[in-house]
Amino acid sequence: MREVFVAGAGMTRIGRRSEPLPELMADAAHAALAEAGLEAPDAIVVATMNPEEFLGDGNFASHVATQIGFADVPALRVETATSSGAAAFYAGFAAVAAGLRQAVLIVGGEKMTHLTTPKVSELIGRSIDPYERAYGATMPALAGLVTRSLMSKTGLGQREIAQVAVKNHANAARNPLAHFQQAVTVEEVLESRMVADPLRLLHCCPISDGAAAVVVTAAPSRVRVAGIGQGTDTLAVRHRRQLTAFTATRMAAREAYAMAGFGPERVDLAEVHDAFAPFELISLEDLGLVPPGKAGRVTLDGDTALDGRLPVNPSGGLKARGHPLAATGLAQIVECVWQLTGRAHGRQVSGARHALAHSIGGLATNNWVTLLETTG
Amino acid sequence: MIAEQIAASRCPRCDMLVAPPSTYCPHHPVLMQPVTLPGVGEVVSFTTLHTPPQGFRSPLHLALVELDGGARFVCHGADVRGLRIGAAVAIEAIDDIYYFSHLGAMERARLFWRRTGRAGDRVNAIARSLAKRVWKGRDRAAS
Ligand SMILES: [Zn+2]
């Protein structure tokens, strides 16, 4: 297996965008290519979760490639629900690692804000087991089941969970590309509208548009891909014995650490899939970044804040940077690359050498962990 | 129609039980065997959706229930007031939709004593009457 490097990274501002999705993806792609000093890649991997229903457009790999000006470059599309961006990164990585390609453009994006919230919720919910969906289960509903079980089993309280949202909003306020630019308080989180008991509105990520892209190459650059792991679990939540840990994250983390040859103790910062605030706490323990049962405590103590021992979601996370579905896994990698190369202006973690990106697909049915390290 | 038992299936390799039945075990490429389980279980978790999807009334109560035997099951409920994780509930189908209802101390005691004798149909008779009582006159919004 050849070594693989990230030679360029780019993303759009996340939020409510009026531009067509292929245009947003073109903006992100051109920024990544410009940084890599490439006019054209050898191949393109496109990540979109559901453009067929969000936009009514199919054949999206060709659609995006043509929009960017690469109708002559081989393009394919990858989909693993909400972790599609991370899955596309894996596909591009694998092509370079195998020696099949020298330079691959990986670009992900989603556009949803033109639809009503119930419609978006229904379309995202297509990734849920059909039987559970038939009972009205949505992503927030399943996350509500997970959260109540978590609180009952671990004694995790409302303050610890709310603090995740408070921290991530504070980080996003320093990120000009984030969906939310304002801080929130614990009280505001706890007083926000109930969505799926005990989950409230400010525990949940927003509906966002946006795109992100990276270029991976065989030619060395400042950031190396140290490891990638994929983990899976049953589509149906009722088929799981455990609600308060995600098997798919644990499997992905094991694989990624094994490939990298180092463990969680080496990680300096992490971008974690906090689609719902309690998921950050679950994931910190699943990833081995925090000892079992300690995620709430370290969050309250500020260990995961920007100036803490292990900054988590310096970008603002899904919670506050925003969650344009298939863009998210790549936006996390873009943030890690910027942090590792000293370009996360206004929110720079000093001296970071190893970064972790964690992406959840569906209700943790198809998860990814990506480890990046500096080469300098 | 009121169901007597809950249809489920068991993996001959790992003994995993799933409800409703599946053709293949989620973890093995093995055909599952049909079984039925009594409609009594324990609440694993529950939530209330305040803006449910189209076709459902608000608030929508959902519970994940573990049936006796280990299969887990998603169902609707009339009310979650006083409901706790670990609470005993009866499960009943009304028009092929499953609902849970809270079992009080008296019903739990009755269930316990019946189960030590000849289980099965008696347990379900109790579960059925409870669900009937809770659900009389109610129906689920069109879905
Ligand atoms: Zn099996």
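Quick note, the sequences are listed as chains A and B, same order. Positions -19 to 356 (this note's numbering) are the ones given, in order, by the first sequence. Positions 3 to 145 (this note's numbering) are the ones given, in order, by the second sequence. The beta carbon of each residue, even a glycine, is placed where N, CA and C say it ideally should be. For clarity, every value in this text was computed on a predicted model and none was experimentally measured.
Check, Outcome
"Does any residue of chain A have a CB that is nearer than 7 Å to the CB of P40(B)?", "no"
"Our contact map puts A307(A) next to A192(A) with C-beta atoms below 8 Å; I'd like the distance itself, whole angstroms only.", "5 Å"
"Pick out every residue whose C-beta is nearer than 7 Å to a heavy atom of ligand 1: which are they, in chain order?", "C13(B), R15(B), C16(B), M18(B), C27(B), H29(B), H30(B) and V32(B)"
"Measure from the C-beta of R74(B) to each C-beta in chain A and report whether the shortest distance is under 7 Å.", "yes"
"Could you say if the stretch 154 to 162 of chain A and the stretch 287 to 297 of chain A meet the contact criterion of at least three C-beta pairs nearer than 8 Å?", "yes"
"Can you confirm whether F102(B), when its beta carbon is compared against all beta carbons of chain A, has any partner nearer than 7 Å?", "no"
"I93(B) versus chain A: which residues are under 8 Å apart at the beta carbon?", "Those do not exist, as I93(B) stays about 13 Å from chain A at its closest Cβ, beyond 8 Å."
"Between G211(A) and V58(A), what straight-line distance do the alpha-carbon atoms span, to the nearest angstrom?", "16 Å"
"Quick check: the stretch 40 to 51 of chain A against the stretch -1 to 19 of chain A, are there 3 or more CB pairs under 8 Å?", "yes"
"Name the two residues that bound the continuous alpha helix (DSSP H) containing V278(A).", "A275 to L280"
"Would P49(B) pass as an interface residue toward chain A - the criterion being a Cβ-Cβ separation below 7 Å?", "Checking the sequence, you will find Thr at residue 49(B) rather than Pro. Output row for T49(B): interface = yes."
"With T134(A) and G273(A) assumed to form a contact (beta carbons below 8 Å), what rounded beta-carbon distance in angstroms separates them?", "6 Å"
"Quick one: which residues of the stretch 216 to 248 of chain A get their C-beta closer than 9 Å to a C-beta of chain B? List them in chain order.", "A216, V217, R218, H219, R220, R221 and L223"
"What does DSSP give as the partner residues of E353(A) in its beta bridges?", "R204(A) and H334(A)"
"What do you get for Y26(B), buried or exposed, if any count of 16 or more other CB atoms within 10 angstroms of its CB means buried?", "exposed"
"Are V144(A) and A257(A) touching if we call contact CB-CB under 7 Å?", "yes"
"Name the residues in the stretch 125 to 146 of chain A whose C-beta lies less than 7 Å from a C-beta of chain C; which are they?", "Reference to chain C is not applicable here, since the protein chains of this structure are A and B."
"A68(A): which of V26(A), V270(A) and R323(A) sits nearest, CA to CA?", "V26(A)"
"Please go through the same chain and pick out, in chain order, the residues whose beta-carbon is closer than 7 Å to the beta-carbon of R202(A), but skip the five residues on each side of it.", "T321, T354, T355 and G356"
"Assign A142(A) to one of three DSSP states: helix, strand, or coil.", "helix"
"Classify R83(B) as buried or exposed, calling it buried when 16 or more other Cβ atoms lie within 10 Å of its own Cβ.", "exposed"
"Contact defined as beta carbons within less than 8 Å: I believe A236(A) pairs with I208(A). What is the distance between those atoms, to the nearest angstrom?", "6 Å"
"Tell me the rounded alpha-carbon separation between S63(A) and L64(B).", "26 Å"
"Could you compute how far the alpha carbon of M131(A) sits from the alpha carbon of R(-4)(A)?", "33 Å"
"Looking at chain B, is there any beta carbon in it that lies within less than 7 Å of the beta carbon of E90(A)?", "no"
"Using a Cβ-Cβ cut-off of 7 Å, state whether E121(A) counts as contacting chain B.", "Sequence inspection shows Ala at residue 121(A); the Glu mentioned does not correspond to that position. Closer than 7 Å: yes."
"List the endpoints of the continuous alpha helix (DSSP H) containing T227(A).", "T227 to A240"
"For Q56(B), return the contacting residues in chain A, with the cut-off set at a CB-CB distance below 8 Å.", "P98 and E102"
"Per DSSP, V196(A) is paired with what?", "V(-14)(A) and V84(A)"
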